[in-house]
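Protein chains in written order, with full-length UniProt numbering: chain A, 1 to 316; chain B, 1 to 316; chain C, 1 to 316; chain D, 1 to 316.
Beta carbons: idealized from backbone N, C-alpha and C, even for Gly.
Everything numeric in this text was worked out from a predicted model, so none of it was measured.
Shown next, in structure tokens, is the structure this report addresses.
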């Protein structure tokens, strides 16, 4: 399958992974040429920094984790303090009699619960991962092929397809499917010119629905079609970031509504090795009116991880 | 205490935290002016991207987590797959009969176990956090003052003080203390010019000791002195990043060897609101010979967290 | 408050906790006299063993955890394999080339999610725990007073108040409140004679509702009234076990419907030091027609725990 | 393999597992006949209750978990409070203005870290579990064959082989191997008469070594030989409980020192379906001088678990 080649050339992904990892998995490297990185840095014109992340709300003595958009049936983040300021109020001994320390722990199943990036080991068809790596190397103790630590940080030019803005609505309805035509029209209206290595950022506005109607958020969701995904992939992009929960659309029963031949994860992750950044928050970014910027997303270097929670950044 | 003001001016930290958080904690905002962000972006001359993170090696059926530098007595990362490629080999049903999915979970206590950034709620003296916030707001369900979500992403100019390189050794010995004089000499030798808002990156080379002598790594460590920290702080920096485990030095019994008046965490985090990025990996960066670059560290937006694991990035 | 004495005499709780714990907390010892233990053992007439536990269904790649009765808004059990048989199918190396091993991990927040026992540190009024222990000793690193490890195993005579059976219904409606009169009538009809040290097991049948109507299960629940709880406490019992989620009733909004003066937890746990075993499964036990038996519940010895998941046993 | 039959007859294991589990796995049922349960209850002569559990010391802001005997390289217990008494000291709002609640969470990898029971899915040879169940049913989402929930509670007669006591030492040396001859001699000296269905409890005294020499505890350990295990199995027992970490002995490098043909787990768990209770604490029990008693161990009903932490009880 010809798509199973590196989309963006040789790349200069972080060399030092070879120091810690097995270092022999060049096929998964999917990052930019030095020239593209320089172009990305050149998009910084204002010096403004925006986070594109939902909050991770994990305190567990309340329903707080449920107040953040998420898919149902997933373990929500848990956040615990192992020592905190309250303990000192209650009489705990301070270091040197004066110093207070707070320490904590985080439990995270990132898919469907928070802003995250999918590794190439997250989804596949048949018995092989992206680029022909055997899927049986994805085991209980981690993915020794295509783990998220192989991605390295994404430092690229971001382009915002503000589809909701283009259609003049606060958010797309759950029935809306974003195909190539709609992307093309949005690009034209918003003066978006794509370049190899870009991160395509697609705004549906869907997370704003969560505030007013949680059940609606968790039923159907608007999203890209196979045709729309293919159009993006043909532009030789590094990643797709979207503010819905799964890049593709969700049917009204909360499941992905495409079969294997139409599935966006298979198309982008598996065929093209294009990383997916899901559940991003784009409202402030859209409000700036900017459509190109420096996009940064540095997944935690979890060896063998199927992805990582991430705090993506736009520098305008 | 005059240090309890924002070090770097008004800042343009990610506005959208106000959307999710309480939004009234401007005092903790410690990020750069637009001009400084533009300057930082301007340091990208080659287009090369380097991760400054240790791996997170969390598979738990083996001693793998112990092969990564860490302080003793801390819970090491745990990484679990809830479904993986091996399950399909064993007969698990695939989606649509063809699609495989891998999903995982991560348990992380980041202090002392992996590359991370400390929140301003991590350490304090007496009853108040940085900028006078009450320490009793740091409770079991998280820090409602100075949590890591208040930091927002750090996008700044990085400057590398390669102290080990300056002294011509692969790593400093555990007895070495890095004071203002040594920093000044390193800066001069390496042609480092500091600017307000910079991230000072200090290389001791200490993590390389772990490969050959784990016990030695976990006993004493080289690090900054109070005098060295103060010299950095006086340059109005945003953060200090160091490849040792605690910015300051560790005595031979593995404890911080400074009392409250000399403690680096109190000096930098608490007095100046300067973020600390600990346990970074600097070997490839040092090998480049570059001493200024775009430094990025975007902590996970864990509400009330005392810090976050992070994959810091240098763009050269 | 006179209730703040040991309910059942000197007790012979497991001596060896003193080996590991601080050993000076005799006030919390609440177990039986040797005579009562012998009486309990004497109730074994058939030699039949029944578990009174709900399953812990924690696999996390599906909605399985949601298929077990639980209160909403609580983190459900998570269960992970760190190595398993599927990994060997996929090619993992076996020990000695032949031996397979499976290993796992469990994450559990037991209150409201599974069959468990509450420690005396779980709930209190004002600033003191049961028996006057200071509540400020219950800190982020555990309860150094009244932790679940102080309970030791409960080995007692169990008596079943099959209230649903007495009323001839498969389960009580959510509006039913079990007061002293109803308990007394049930005892008379079912020939129950209480003795000091007994565990009072109360059946509402409510968990059977979960199969057919999850939302109904999680709204209101039938349960004991203050008056009913007091009647049990006056019989000098060791524990109350009930198949609802909180011993007391839940109002239709899912909250406990009693104020502090009527709250069952405060009455039983805090005033009398009577342990509470919640979310037990009583359907098979009720079907036997037996109303006295040997009751066993041995909480995990979690130092400083607010309770423990438990697999209670009836030996008939 | 003839050993692959149920050791103790038809059994009366907890019927209600069929309610929740798949109910078709009768081959794994390994519990006692009603007569044997009655005999077990008949051993209660004094009415004294002893826990045989090590503490679970999981607070994670200190090295507390390391103070309890455990094997190296395993994730130690983690215990977190999600709300506690200290939070109220610090100003947290109480329920109804008066009521305090403490809640917690536990993370547990029980093998090698605390007192626990092994499921029949924990270890096997080749491709089949005990009784011919396919090992490929042990997957990332749990063991659908031979999970610990299939065991049900163990309620049996316990017999104590106090080997250390028999040899007149506080603990066996790490080089001691307990074979059939030594068991036979101990039984004779301690007047132990075995019966079908018994739990054989074997005391080495090894955990007491941990207090004075942690490294020694974690290197070699005394334990049963294949010959000793076979002798026990021939008595048609339900379980073996031992105070060492793995029933069999550990060589001085901390690994099991037997190959597949001699391995105690394979012999007992896999060939005979005899449950293993490991890391029990027997010091107080040994001091009583009693050698028969009612033994209780009720594993948490973790569906698909490879075992469960447990608080075993001896009722004398």
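key: residue 44 of chain C (DSSP reduced to helix, strand or coil)   = Along the third chain, one-based indexing puts residue 44 of chain C at 44. Residue 44 of chain C falls in the coil class under three-state DSSP.
key: Close Cβ partners of residue 65 of chain C (< 7 Å) along its chain, the five nearest in sequence each way excluded   = Here the question's residue 65 of chain C lines up with position 65 in the third chain. 57, 58, 76, 77.
key: Interface residues of chain D facing residue 80 of chain A [CB-CB closer than 7 Å]   = Indexing the first chain from 1 puts residue 80 of chain A at position 80. For residue 80 of chain A, the residues of chain D that pass the 7 Å Cβ criterion are 80, 82, 105, in the order they occur in the chain.
query = Helix, strand or coil: how does DSSP classify residue 141 of chain B here?
reply = Residue mapping note: residue 141 of chain B aligns to position 141 of the second chain, counting from 1. In the three-state reduction of the DSSP assignment, residue 141 of chain B falls in the coil class.
inquiry  = For a cutoff of 7 Å on Cβ pairs, would you count residue 59 of chain C as touching chain A?
reply    = Against the third chain, residue 59 of chain C aligns to sequence position 59. So no, residue 59 of chain C is outside the interface.
Neighbouring residues, chain C, relative to residue 122 of chain D (Cβ below 8 Å) = To locate residue 122 of chain D, count along the fourth chain from 1; it is residue 122. Going along chain C in sequence order, the residues near residue 122 of chain D (Cβ under 8 Å) are 101, 102, 103.
task = Run through the stretch 285 to 311 of chain A for me and flag every whole beta strand (DSSP E) of 3 or more residues, listed as ranges in chain order.
result = Counting whole runs of 3 or more residues, the stretch 285 to 311 of chain A contains the beta strand (DSSP E) stretches 292 to 297, 307 to 309.
Buried versus exposed, by CB contacts within 10 Å (16 or more), residue 43 of chain D = Reading the fourth chain from its first residue, position 43 is the one you call residue 43 of chain D. Counting Cβ neighbours within 10 Å, residue 43 of chain D comes out buried, since at least 16 surround it.
ask   = chain D partners of residue 89 of chain A, CB-CB under 7 Å?
value = On the first chain, position 89 is the one that residue 89 of chain A refers to. At a beta-carbon threshold of 7 Å, the residues of chain D lying near residue 89 of chain A are 86, 89, 90, ordered along the chain.
query = Taking residue 247 of chain C as the reference, which of C:235, C:278, C:39 has the closest Cα?
reply = Working through the third chain from its first residue, we reach residue 247 of chain C at position 247. In this structure, C:278 is the residue among C:235, C:278, C:39 with its C-alpha nearest to the C-alpha of residue 247 of chain C.
query = Going by Cα to Cα distance, which pick from A:139, A:270, A:296, A:259 is closest to residue 241 of chain A?
reply = Within the first chain, residue 241 of chain A is the residue found at index 241, counting from 1. Residue A:296 is the option with its Cα nearest to residue 241 of chain A.
query = Are at least three pairs of beta-carbons, each pair with one atom in the stretch 79 to 93 of chain A and one in the stretch 134 to 144 of chain B, less than 8 Å apart?
reply = With a cut-off of 8 Å on Cβ pairs, the stretch 79 to 93 of chain A is in contact with the stretch 134 to 144 of chain B, counting three or more such pairs.
ask   = With contact counted as at least three CB pairs below 8 Å, one residue from each stretch, are the stretch 108 to 128 of chain C and the stretch 260 to 273 of chain C in contact?
value = In this structure the stretch 108 to 128 of chain C lies against the stretch 260 to 273 of chain C, because at least three pairs of beta carbons, one per stretch, are closer than 8 Å.
task = Examine the Cβ distances between the stretch 210 to 228 of chain B and the stretch 250 to 268 of chain B and report whether three or more of them are shorter than 8 Å.
result = Because the criterion of three Cβ pairs below 8 Å is met, the stretch 210 to 228 of chain B and the stretch 250 to 268 of chain B touch.
message = Using only the alpha-carbon positions, how far apart do residue 239 of chain C and residue 183 of chain C sit?
response = Locating residue 239 of chain C in the third chain gives position 239, counting from the first residue. Locating residue 183 of chain C in the third chain gives position 183, counting from the first residue. Distance between the alpha carbons of residue 239 of chain C and residue 183 of chain C: 16 Å.
Residue 69 of chain D burial status per 10 Å Cβ neighbour count (16 or more: buried) = Mapped onto the fourth chain, residue 69 of chain D falls at position 69. Flag for residue 69 of chain D reads buried.
message = Short of 7 Å Cβ to Cβ, which residues in the stretch 132 to 155 of chain A face chain D?
response = Listed by position, the residues of the stretch 132 to 155 of chain A near chain D (Cβ gap below 7 Å) are 140.
query = Any idea if residue 149 of chain A is buried or exposed, counting beta-carbon neighbours within 10 angstroms, 16 or more meaning buried?
reply = On the first chain, position 149 is the one that residue 149 of chain A refers to. Residue 149 of chain A comes out buried.
request  = Please report how far the alpha carbon of residue 208 of chain A lies from the alpha carbon of residue 170 of chain A, in whole angstroms.
outcome  = For this step, residue 208 of chain A is matched to residue 208 along the first chain. For this step, residue 170 of chain A is matched to residue 170 along the first chain. Distance between the alpha carbons of residue 208 of chain A and residue 170 of chain A is about 8 Å.
ask   = Given a threshold of 16 other Cβ atoms within 10 Å of its Cβ, counted over all protein chains shown, does residue 191 of chain A qualify as buried or as exposed?
value = In the first chain, counting from the first residue as 1, residue 191 of chain A sits at position 191. Residue 191 of chain A comes out exposed.
key: residue 24 of chain D versus residue 282 of chain D - alpha carbon distance   = On the fourth chain, residue 24 of chain D is found 24 positions in, with the first residue counted as 1. On the fourth chain, residue 282 of chain D is found 282 positions in, with the first residue counted as 1. Because residue 24 of chain D sits at a pLDDT of 39, beneath the cut-off of 50, its placement in the model cannot be relied upon, and the point is left open.
message = Considering only the alpha carbon of each residue, which of C:34, C:106, C:38, C:119 lies closest to residue 298 of chain C?
response = Your numbering for residue 298 of chain C matches position 298 in the third chain. For residue 298 of chain C, the nearest C-alpha among the options comes from C:119.
key: Contact with chain A by residue 307 of chain C, beta-carbon distance below 7 Å   = On the third chain, position 307 is the one that residue 307 of chain C refers to. No, because no Cβ of chain A sits closer than 7 Å to the Cβ of residue 307 of chain C.
task = Return the chain-ordered list of same chain residues with a C-beta closer than 7 Å to the C-beta of residue 37 of chain A, the five sequence neighbours on each side being excluded.
result = One-based indexing of the first chain puts residue 37 of chain A at position 37. Within the same chain, Cβ atoms closer than 7 Å to the Cβ of residue 37 of chain A are found at 155, the five residues on either side in sequence being excluded.
ask   = Just how far apart, CA to CA, sit residue 71 of chain D and residue 73 of chain B?
value = Taking the first residue of the fourth chain as position 1, residue 71 of chain D is located at position 71. Taking the first residue of the second chain as position 1, residue 73 of chain B is located at position 73. Their Cα atoms are separated by approximately 14 Å.
key: Rounded straight-line distance, which links the Cα of residue 311 of chain D to that of residue 114 of chain D   = On the fourth chain, position 114 is the one that residue 114 of chain D refers to. On the fourth chain, position 311 is the one that residue 311 of chain D refers to. Rounded to whole angstroms, residue 114 of chain D to residue 311 of chain D spans 10 Å at the Cα level.
inquiry  = Check for me: the beta strand (DSSP E) holding residue 158 of chain D runs from which residue to which?
reply    = As a working note, residue 158 of chain D is residue 158 in the fourth chain. According to the DSSP assignment, residue 158 of chain D belongs to the beta strand (DSSP E) that extends over 154 to 162.
inquiry  = 7 Å is my cut-off, CB to CB: does residue 55 of chain A come that close to chain C?
reply    = Along the first chain, one-based indexing puts residue 55 of chain A at 55. Closer than 7 Å: no.
request  = Return the Cβ separation of residue 79 of chain A and residue 307 of chain A in integer angstroms, given the expectation that the two are a contact with Cβ distance under 8 Å.
outcome  = Counting from 1 along the first chain, the entry for residue 79 of chain A is found at position 79. Counting from 1 along the first chain, the entry for residue 307 of chain A is found at position 307. Residue 307 of chain A and residue 79 of chain A do not touch by the CB rule: their CB atoms are close to 19 Å apart, not below 8 Å.
Neighbourhood of residue 204 of chain C by C-beta, 8 Å cutoff - its chain only, sequence neighbours within 5 removed = Start at 1 with the first residue of the third chain, and residue 204 of chain C comes out as number 204. Excluding five sequence positions before and after residue 204 of chain C, the CB atoms of its chain that fall closer than 8 Å to its own CB belong to 163, 164, 171, 172, 176, 178, 221, 222, 223, 242, 243, 244, given in chain order.
Where the alpha helix (DSSP H) through residue 187 of chain C begins and ends = Translated into positions along the third chain, residue 187 of chain C becomes position 187. Run containing residue 187 of chain C: 180 to 189, per the alpha helix (DSSP H) assignment.
query = Who are the near neighbours of residue 27 of chain B in its chain, counting only those whose CB is closer than 6 Å to its CB and skipping five residues on each side?
reply = In the second chain, the residue the question calls residue 27 of chain B occupies position 27. For residue 27 of chain B, the predicted structure reports a pLDDT of 32, less than 50, and the residue's modelled location is therefore unreliable. A value from the coordinates is still provided. Taken in chain order, the residues that qualify are 131.
key: Closest by C-alpha distance to residue 35 of chain B, when choosing among A:34, A:300, A:45   = Along the second chain, one-based indexing puts residue 35 of chain B at 35. Here the closest residue by C-alpha is A:45.
message = Using the Cβ count rule (16 or more neighbours within 10 Å means buried), how would you classify residue 39 of chain D?
response = Working through the fourth chain from its first residue, we reach residue 39 of chain D at position 39. By the neighbour-count criterion, in which a residue is buried when 16 or more other Cβ atoms sit within 10 angstroms of its Cβ, residue 39 of chain D is buried.
query = Between A:93, A:136, A:157, A:53, which lies nearest to residue 193 of chain A when the distance is taken from Cα to Cα?
reply = In the first chain, the residue the question calls residue 193 of chain A occupies position 193. In terms of Cα proximity to residue 193 of chain A, the closest of A:93, A:136, A:157, A:53 is A:157.
request  = Name, please, each residue of chain B whose Cβ falls closer than 7 Å to the Cβ of residue 126 of chain A.
outcome  = Against the first chain, residue 126 of chain A aligns to sequence position 126. Within 7 Å of the CB of residue 126 of chain A, the CB atoms of chain B belong to 98, in sequence order along the chain.
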